[in-house]
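Residue numbers (our numbering): 150 to 406. Every residue, glycine too, gets a C-beta built ideally from N, C-alpha and C.
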Amino acid sequence: MSSGVGAVLLAGGRTKGELLARTRQPYRALIPVGGRTLLEHTMAALAAARTVEYTIVVGPAECRPWVSAVGGPFGWMPMGETMVDNLLAGVHSLGSEAETVLACAADAPLISGPLIDRIVSVSHERGHAFCYPIVEREVCQAAFPEGKRTYVRLRDGRFTGGNVLTASRRLLLEHHERIAEVFAARKSPLKLASLLGLGLALRLPLGLVSVRQAEQRAGQILGFPVSAWICDDPAVGVDVDKVADLDTVEAALAQLA
150 MSSGVGAVLL AGGRTKGELL ARTRQPYRAL IPVGGRTLLE HTMAALAAAR
200 TVEYTIVVGP AECRPWVSAV GGPFGWMPMG ETMVDNLLAG VHSLGSEAET
250 VLACAADAPL ISGPLIDRIV SVSHERGHAF CYPIVEREVC QAAFPEGKRT
300 YVRLRDGRFT GGNVLTASRR LLLEHHERIA EVFAARKSPL KLASLLGLGL
350 ALRLPLGLVS VRQAEQRAGQ ILGFPVSAWI CDDPAVGVDV DKVADLDTVE
400 AALAQLA
């Protein structure tokens, strides 16, 4: 793998609620939109990225025929119990030649090859083991006024997280237990407060924490340097979790067509 970058495409997300009732598709990656499944859209973006040499799709058996149909620099493997399990399985499958791992959600159909290349380039320029794009609310709302996203209020503004990140393969494997612990705590306010520390936990809801402070604390928790890149491309923050998201994506793809 001459580029040193391999991708793990996470395709195990289950469809729920009104989105399941509308699409009748149990896995979000296989929801059709704009004439292709969400999985096909994201695979096309990874295929167009110059920096990514090989992609392993981690998901249900239903995804395998779609991956096989593309062939080339794509492989498939069955998913595990959690997203972290799936990420680590994909990292192992990529092998040691992939010094940098790009993880991507399979239900993010608006990302593009050039955007992926920008994310990889920024992560290399910053030299951090973990680089996560975030997008300001104003940027998202200007592009997708009908879209609904979850935003975190920081001192620098309100941000939503991206659906792509880059990380050092070595550090992902070395710190996998800590990563799993943080992932498991994400929905428990008490566990999150314990990880963040009381001071930061109290200041965060008030918007008193800066991006830089959040980076520093995340790095302390995980045990390696973390970089939050404020990205100007709203596509990185769009995924399909709800019916409103699907409507947003359908409209955006229709405009692109």
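Nearest neighbour of residue i, chosen from the options [CA to CA]
{"i": "Gly262", "options": "Thr191, Ala197, Ile180, Arg177", "result": "Ala197"}
{"i": "Ala156", "options": "Pro222, Val271, Tyr176", "result": "Pro222"}
{"i": "Cys380", "options": "Phe373, Arg307, Arg319, Trp215", "result": "Arg307"}
{"i": "Ala367", "options": "Gly224, Ser343, Gly386, Asp388", "result": "Ser343"}
{"i": "Gly224", "options": "Val331, Met192, Asp266", "result": "Met192"}
{"i": "Pro375", "options": "Arg361, Val301, Pro383, Gly386", "result": "The question names Pro, but residue 375 is Val in the sequence shown. Selected option, being the one with the closest Cα: Arg361."}
{"i": "Glu364", "options": "Glu167, Lys391, Leu303", "result": "Leu303"}
{"i": "Ser272", "options": "Val358, Gly348, Ser317, Ala292", "result": "Ser317"}
{"i": "Ala309", "options": "Gly386, Glu326, Pro294, Leu351", "result": "Just to set this straight, residue 309 is Thr in the shown sequence, not Ala. Measuring from the Cα of Thr309, the nearest candidate turns out to be Gly386."}
{"i": "Ala194", "options": "Glu246, Met228, Cys253, Pro209", "result": "Cys253"}
{"i": "Ala160", "options": "Thr204, Leu345, Leu339", "result": "Thr204"}
{"i": "Leu405", "options": "Asn235, Phe332, His190", "result": "His190"}
Straight-line Cα distance separating residue j from residue i
{"i": "Cys212", "j": "Leu237", "result": "19 Å"}
{"i": "Leu341", "j": "Lys165", "result": "25 Å"}
{"i": "Val154", "j": "Glu248", "result": "6 Å"}
{"i": "Ala170", "j": "His324", "result": "39 Å"}
{"i": "Asp394", "j": "Gly296", "result": "6 Å"}
{"i": "Gly162", "j": "Leu371", "result": "24 Å"}
{"i": "Val201", "j": "Ala255", "result": "16 Å"}
{"i": "Pro282", "j": "Ala400", "result": "24 Å"}
{"i": "Phe334", "j": "Gly348", "result": "Note on identity: in this sequence residue 334 is Ala, with Phe being the wrong assignment. Going by the C-alpha atoms only, they are around 18 Å apart."}
Secondary structure of residue i, DSSP reduced to three states
{"i": "Phe293", "result": "coil"}
{"i": "Val387", "result": "coil"}
{"i": "Ser317", "result": "strand"}
{"i": "Gly348", "result": "helix"}
{"i": "Ala156", "result": "strand"}
{"i": "Thr204", "result": "strand"}
{"i": "Phe332", "result": "helix"}
{"i": "Cys212", "result": "helix"}
{"i": "Ile283", "result": "strand"}
{"i": "Val360", "result": "helix"}
{"i": "Ser151", "result": "Any reading at Ser151 must be qualified, since the residue scores a pLDDT of 46, below 50, and its modelled position is unreliable; the value itself is stated next. Here Ser151 sits in coil by DSSP."}
{"i": "Ile379", "result": "strand"}
Cβ-heavy atom distance, residue i to the ligand NAD, below 8 Å
{"i": "Glu326", "result": "With respect to the ligand NAD, the structure shown offers nothing to examine, as it has no ligands at all."}
Min CB distance residue i to chain B below 9 Å
{"i": "Tyr300", "result": "Given the protein chain composition of this structure (a single chain), no chain B is represented."}
Can you give, in chain order, each stretch of the beta strand (DSSP E) that sits fully within the stretch 233-263 and has at least 3 residues? Counting whole runs of 3 or more residues, the stretch 233-263 contains the beta strand (DSSP E) stretches 249-254.
Counting pairs of beta carbons, one from the stretch 388-405 and one from the stretch 170-189, are three or more of them closer than 8 Å? Cβ pair count under 8 Å is three or more, so yes.
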